[in-house]
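K.L.:
Chains as they are written, first to last, in my numbering: chain A, 389 to 825; chain B, 389 to 825.
Let me begin by handing over the structure; questions about it come next.
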């Protein structure tokens with residue numbers, strides 16, 4: 389069965405229209421879901437544990453006498469870890485170590501308090517402190533990824549968050565041992581087998597059993613996304629994730645089967661995932677296409693890969709690498725592989741991407757698991773304005789200001805002038821009271 | 389007329405209940421407003437300029453033939469600045485200089501790209517880049533504050549944002565010269581006399597005339613807040629602001645009239661604004677109360693101040709400064725004055741606050757206008773998880789990963805192990821293809 393994988397060329401007359409079709413992605417909010425989520429949240433806020441238990445029984449087929457019975461103890465997390473085959477235990481610990489080490493560098497690079505004194509002796513700066521308590525939503529079922537537990541919990545741990553509370557739905561009570569083991573390794577403090585909007589509500593408002601958190605991170609289905617959007621303001625949230633994407637920018641120097649497999653690795657996530665190749669070399673595009681066709685039948689998830697490639701994938705022939713960089717910036721992909729002999733030549737031209745993978749050896753999958761940087765990345769073009777999940781998502785800043793008596797004489801006159809201009813006389817007088825009379 | 393200003397003591401039996409009443413603040417979302425905003429946004433998305441023009445005529449009483457006619461040119465902004473009295477011009481420029489200087493320090497402290505190589509030669513880091521284009525919403529009418537223009541536009545400018553687009557409603561066409569002048573000084577690139585949900589929609593989706601931006605910041609009324617929440621995801625947004633708050637933590641060493649005026653300076657904003665004094669010295673509380681009663685009749689905005697103090701204010705007698713710090717952490721105020729002889733003794737105990745003003749000379753109003761730090765701060769307890777507006781709000785980060793051939797041999801085995809564990813075979817094979825065979 390031939391693969392109906394779209395092939396475009398920037399020189400073609402209809403390129404712009406075809407390109408728009410490839411990019412089109414509508415995250416339409418479903419009004420019925422919104423309505424249902426609003427009801428669930430209101431109910432959880434009003435009735436707490438009782439409501440959480442009812443929804444868990446109804447949606448996850450999981451009966452319990454109390455929410456306390458749905459808590460997974462640290463001992464259970466540890467037991468899950470201890471029971472894994474040694475190779476898996478080692479891999480999780482190795483990955484956790486690398487992820488921790490990277491996020492510790494991040495903390496040093498951009499997460500520390502700073503202050504200075506100006507010439508008047510006035511102290512200015514920011515105090516950076518960790519959040520007290522955060523909630524991590526981990527999807528259950530087919531997308532239950534232990535790596536996501538590491539990627540959410542470790543930055544929180546490195547930031548110094550006091551308590552990390554994980555929720556993970558376990559439909560019909562089925563627990564994923566790798567997820568629990570990862571929670572153990574990543575330092576999750578408390579865990580509950582809860583999911584859906586009811587879990588988000590329990591974390592946002594707190595119940596008798598589930599402690600209220602100050603921020604909720606982690607991916608989820610449309611109900612979870614809608615619930616996160618709705619509790620935003622009561623708590624902080626991370627981004628709302630869309631389908632995963634990879635863009636490979638290739639100069640033709642990487643073995644074409646490597647690139648084919650990299651495209652698959654995004655496509656296998658989900659039929660809505662997007663895999664795009666940009667390359668100025670038509671011959672190389674043909675080689676990658678041939679490798680795709682050769683390798684596809686051997687992939688266990690070939691149906692998902694095929695649907696994703698045919699539905700949202702594209703091989704795009706560009707005039708040049710420079711043009712490929714421009715197009716990449718228009719897409720602002722989640723994952724951007726610069727599969728080039730000379731990746732540092734192109735990197736400065738790339739403005740918008742969640743993560744940039746430089747050189748042929750940097751497959752996106754290494755970054756997904758264990759290179760160190762976070763794999764929670766902005767999707768659907770939101771890399772134009774948002775960032776990978778990081779230590780900074782689990783910190784907050786307080787401005788520090790200490791105006792000296794001398795400073796108050798200078799600043800007070802300016803503040804009063806501006807305050808009177810805004811009709812705020814108490815602001816003005818508060819400044820004037822500090823002037824020497 | 390006596391002032392019915394609540395006075396509590398932490399030693400009182402009913403303290404906890406009374407304290408909860410003081411804190412109670414419900415940012416209930418009005419369903420009718422949500423519905424109306426959804427319609428306006430959909431209409432602006434569908435009909436662009438035509439819809440924007442209609443809503444501007446209807447809601448702001450401002451007729452125009454085209455949205456282009458609602459644009460304020462840079463020349464007009466400059467003219468507004470040039471026509472101001474010299475004292476106001478100087479004050480705006482002085483404030484802008486200080487705000488810029490502080491945010492430049494912030495950029496250096498936490499807004500720069502960083503990278504390192506690990507022992508395998510693998511490069512890891514983050515590239516920090518400015519947003520391409522942002523929108524700044526500036527309220528019109530009674531809360532049209534030129535200082536807010538500086539506080540939103542200058543961090544964007546320091547971050548290196550390519551284009552800063554300001555929208556400001558001008559009901560019946562009345563423009564605020566100080567707002568336009570501040571926009572000139574702060575480096576706003578384009579400005580439109582638009583407001584409400586229609587302005588947010590125009591910025592988020594773009595119209596033929598208004599360019600689509602990637603993030604929208606700035607305060608607004610309930611319609612604007614609802615619209616920002618709804619376009620979140622299409623664009624980035626800053627926080628949703630609630631009523632302003634001040635908490636003064638006093639040890640009794642500051643002249644009591646200073647503290648009284650500081651409490652007024654928050655109360656005069658809005659009847660829902662909150663002013664709270666925490667102090668272990670009952671005699672000093674009585675002095676502040678006496679100053680409040682003495683000074684209130686002289687305040688031009690005394691009706692607003694009285695309503696705010698009576699509705700949401702409180703003087704709280706604590707057992708100690710330590711207890712006052714604990715209570716402050718429970719409130720997580722927007723503005724926190726440590727009006728103490730020894731502010732650095734208490735500062736380390738203060739975990740949650742938008743901005744901390746240290747010492748008697750640091751009136752909150754100095755910070756509002758010209759100390760340098762941003763005056764856009766988290767309200768309603770959101771300082772537990774969010775931060776002052778800053779340069780970081782106008783930047784985004786891209787992870788950088790360059791795995792060396794040696795690194796790929798180590799990382800590849802771990803990634804493959806974890807990927808097989810998650811049932812993602814293409815991820816595993818993409819890693820394995822990089823292993824030496």
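Backbone N, C-alpha and C define an ideal beta-carbon position, used for all residues, glycine too.
Less than 8 Å between the beta carbons of residue 741 (chain B) and residue 712 (chain B), yes or no?
P.N.:
Working through the second chain from its first residue, we reach residue 741 (chain B) at position 353. Working through the second chain from its first residue, we reach residue 712 (chain B) at position 324. No, these two residues do not count as a Cβ contact at 8 Å.
K.L.:
Name the two residues that bound the continuous alpha helix (DSSP H) containing residue 653 (chain A).
P.N.:
On the first chain, position 265 is the one that residue 653 (chain A) refers to. Where residue 653 (chain A) is concerned, the enclosing alpha helix (DSSP H) stretches over 644-655.
K.L.:
Based on the DSSP secondary-structure assignment, which residues constitute the bridge partners of residue 787 (chain B)?
P.N.:
As a working note, residue 787 (chain B) is residue 399 in the second chain. Partner(s): A:743 and B:514.
K.L.:
Who are the Cβ neighbours of residue 756 (chain A) in its own chain at under 7 Å, not counting the five residues just before and after it?
P.N.:
As a position in the first chain, residue 756 (chain A) is number 368, starting the count at 1. Correct list, in chain order: 535 and 763.
K.L.:
In chain A, what lies closer than 8 Å to residue 758 (chain B) by C-beta?
P.N.:
By 1-based counting over the second chain, the position of residue 758 (chain B) is 370. Those within 8 Å of residue 758 (chain B) in chain A are 799, 802, 803 and 806.
K.L.:
Using CA coordinates, which residue listed in A:803, A:780 and A:760 is at the minimum distance from residue 490 (chain A)?
P.N.:
Taking the first chain and counting its residues from 1, the one referred to as residue 490 (chain A) is at position 102. Comparing Cα positions, the closest option is A:760.
K.L.:
Whole angstroms are fine: how far does the CA of residue 732 (chain A) sit from the CA of residue 396 (chain A)?
P.N.:
In the first chain, residue 396 (chain A) corresponds to position 8, counting from 1. In the first chain, residue 732 (chain A) corresponds to position 344, counting from 1. Rounded to the nearest angstrom, the two C-alpha atoms are 26 Å apart.
K.L.:
Mind reading off the beta-carbon distance from residue 440 (chain A) to residue 455 (chain A)? Whole number of angstroms is fine, and I expect it under 8 Å.
P.N.:
Mapped onto the first chain, residue 440 (chain A) falls at position 52. Mapped onto the first chain, residue 455 (chain A) falls at position 67. Confirmed, Cβ separation roughly 6 Å.
K.L.:
Using 8 Å as the cut-off, can you tell me whether the segment 516-531 of chain B makes contact with the segment 543-550 of chain B, which would need three or more C-beta pairs spanning the two stretches below that distance?
P.N.:
Cβ pair count under 8 Å is three or more, so yes.
K.L.:
Beta-carbon within less than 8 Å of residue 666 (chain B)'s beta-carbon, same chain only, minus the 5 sequence neighbours each way: which residues are those?
P.N.:
As a first step, residue 666 (chain B) is located in the second chain; it is residue number 278 there, counting from the start. Correct list, in chain order: 635, 636, 637, 638, 704, 706, 712, 715 and 716.
K.L.:
Since residue 354 (chain A) contacts residue 540 (chain A) with CB under 8 Å, what's their CB separation in whole angstroms?
P.N.:
Since the first residue shown for chain A is 389 and the last is 825, residue 354 (chain A) is missing from the structure and cannot be characterised.
K.L.:
Using a C-beta to C-beta distance shorter than 7 Å, which residues of chain B count as neighbours of residue 560 (chain A)?
P.N.:
Within the first chain, residue 560 (chain A) is the residue found at index 172, counting from 1. Neighbours of residue 560 (chain A) on chain B: none; closest Cβ ~19 Å, over 7 Å.
K.L.:
Who are the Cβ neighbours of residue 796 (chain A) in its own chain at under 6 Å, not counting the five residues just before and after it?
P.N.:
By 1-based counting over the first chain, the position of residue 796 (chain A) is 408. Excluding residues within five positions, the ones whose Cβ falls inside 6 Å are 822.
K.L.:
Per DSSP, which one or two residues make a beta bridge with residue 623 (chain B)?
P.N.:
The residue you call residue 623 (chain B) lines up with position 235 of the second chain. Its beta-bridge partners are B:620.
K.L.:
Would residue 747 (chain B) and residue 790 (chain A) qualify as a contact pair, given that the criterion is a beta-carbon distance under 8 Å?
P.N.:
Within the second chain, numbered from 1, the residue matching residue 747 (chain B) stands at position 359. Within the first chain, numbered from 1, the residue matching residue 790 (chain A) stands at position 402. Yes, Cβ-Cβ distance for residue 747 (chain B) and residue 790 (chain A) is below 8 Å.
K.L.:
Give every residue of the same chain whose Cβ lies closer than 6 Å to the Cβ of residue 613 (chain A), excluding the five residues on either side of it in the sequence, and list them in chain order.
P.N.:
Taking the first residue of the first chain as 1, we reach residue 613 (chain A) at position 225. Within the same chain, residue 613 (chain A) has close Cβ partners 628.
K.L.:
I'd like the ranges of any beta strand (DSSP E) spanning at least 3 consecutive residues and lying wholly in the segment 687-747 of chain B.
P.N.:
List check, beta strand (DSSP E) in window: 702-705, 723-727 and 743-746.
K.L.:
Enumerate in chain order the residues of its own chain whose CB-to-CB distance from residue 631 (chain A) is below 6 Å, with the five nearest sequence positions on each side excluded.
P.N.:
Position 243 of the first chain, counted from the start, is the residue given in the question as residue 631 (chain A). Correct list, in chain order: 658, 660 and 661.
K.L.:
Can you confirm whether residue 517 (chain B), when its beta carbon is compared against all beta carbons of chain A, has any partner nearer than 8 Å?
P.N.:
Position 129 of the second chain, counted from the first residue, corresponds to residue 517 (chain B). So yes, residue 517 (chain B) belongs to the interface.
K.L.:
Strictly below 7 Å CB to CB, what residues from chain A border residue 751 (chain B)?
P.N.:
Reading the second chain from its first residue, position 363 is the one you call residue 751 (chain B). Result: 818, 819 and 822.
K.L.:
Mind listing which residues of the segment 534-563 of chain B have their C-beta closer than 8 Å to chain A's C-betas, in chain order?
P.N.:
For the segment 534-563 of chain B, which is checked against every Cβ of chain A, the residues closer than 8 Å are 534 and 535.
K.L.:
Nearest by alpha-carbon distance to residue 622 (chain A): which of A:768, A:589, A:609 and A:644 is it?
P.N.:
On the first chain, residue 622 (chain A) is found 234 positions in, with the first residue counted as 1. The candidate whose alpha carbon is nearest that of residue 622 (chain A) is A:589.
K.L.:
Using a C-beta to C-beta distance shorter than 8 Å, which residues of chain B count as neighbours of residue 624 (chain A)?
P.N.:
For this step, residue 624 (chain A) is matched to residue 236 along the first chain. Per Cβ cutoff of 8 Å: 770, 773 and 774.
K.L.:
Taking Cβ-Cβ distances shorter than 7 Å, what residues in chain A pair up with residue 650 (chain B)?
P.N.:
By one-based count along the second chain, residue 650 (chain B) stands at place 262. Going along chain A in sequence order, the residues near residue 650 (chain B) (Cβ under 7 Å) are 818.
K.L.:
Any C-beta of chain E sitting closer than 8 Å to the C-beta of residue 476 (chain B)?
P.N.:
Note that chain E does not occur in the displayed structure, where the protein chains are A and B.
K.L.:
May I ask you to list the residues that DSSP assigns as paired with residue 580 (chain A)?
P.N.:
Taking the first residue of the first chain as position 1, residue 580 (chain A) is located at position 192. For residue 580 (chain A), which the question treats as bridged, DSSP gives the partners A:459 and A:555.
K.L.:
When burial is assigned at 16 or more other CB atoms within 10 Å of the CB, is residue 813 (chain A) buried or exposed?
P.N.:
The residue labelled residue 813 (chain A) in the question sits at position 425 within the first chain. Buried: at least 16 other Cβ atoms inside 10 Å.
K.L.:
Between the Cα of residue 768 (chain A) and the Cα atoms of A:806, A:674, A:512 and A:700, which residue gives the shortest distance?
P.N.:
Residue numbering aside, residue 768 (chain A) sits at position 380 when the first chain is read from its first letter. Comparing Cα-Cα distances from residue 768 (chain A) to each of A:806, A:674, A:512 and A:700, the minimum goes to A:700.
K.L.:
Which residues in chain A have a C-beta closer than 9 Å to the C-beta of residue 502 (chain B)? List them in chain order.
P.N.:
Position 114 of the second chain, counted from the start, is the residue given in the question as residue 502 (chain B). 493, 494, 496, 497 and 498, listed in chain order.
K.L.:
Between which two residues does the beta strand (DSSP E) holding residue 348 (chain B) run?
P.N.:
Residue 348 (chain B) lies beyond the residue range present for chain B, which begins at 389 and ends at 825; the question has no answer from this structure.
K.L.:
Out of curiosity, what's the CA-to-CA distance linking residue 684 (chain A) and residue 776 (chain A)?
P.N.:
Position 296 of the first chain, counting from 1, holds the residue named residue 684 (chain A). Position 388 of the first chain, counting from 1, holds the residue named residue 776 (chain A). Those two C-alpha atoms are separated by around 31 Å.
K.L.:
Using a Cβ-Cβ distance under 8 Å, would residue 490 (chain B) count as near chain A?
P.N.:
Taking the second chain and counting its residues from 1, the one referred to as residue 490 (chain B) is at position 102. Residue 490 (chain B) counts as touching chain A.
K.L.:
Going along chain B, which residues have a C-beta under 7 Å from residue 761 (chain A)?
P.N.:
Sequence index remark: in the first chain, residue 761 (chain A) carries index 373 (1-based). By Cβ distance, chain B contributes 512, 787 and 789.
K.L.:
What number of angstroms, rounded off, separates the C-alpha of residue 406 (chain A) from the C-alpha of residue 572 (chain B)?
P.N.:
Counted from its first residue, the first chain places residue 406 (chain A) at position 18. Counted from its first residue, the second chain places residue 572 (chain B) at position 184. Near 41 Å, if we compare the C-alpha coordinates of residue 572 (chain B) and residue 406 (chain A).
K.L.:
Pick from A:522, A:579, A:486 and A:538: whose alpha carbon is nearest that of residue 513 (chain B)?
P.N.:
In the second chain, residue 513 (chain B) corresponds to position 125, counting from 1. Of A:522, A:579, A:486 and A:538, the residue nearest in Cα terms is A:486.
K.L.:
Whole angstroms is fine: what's the gap from residue 528 (chain B)'s alpha carbon to residue 607 (chain B)'s?
P.N.:
Along the second chain, read from residue 1 onward, the residue named residue 528 (chain B) stands at position 140. Along the second chain, read from residue 1 onward, the residue named residue 607 (chain B) stands at position 219. Between residue 528 (chain B) and residue 607 (chain B), the C-alpha separation is close to 11 Å.
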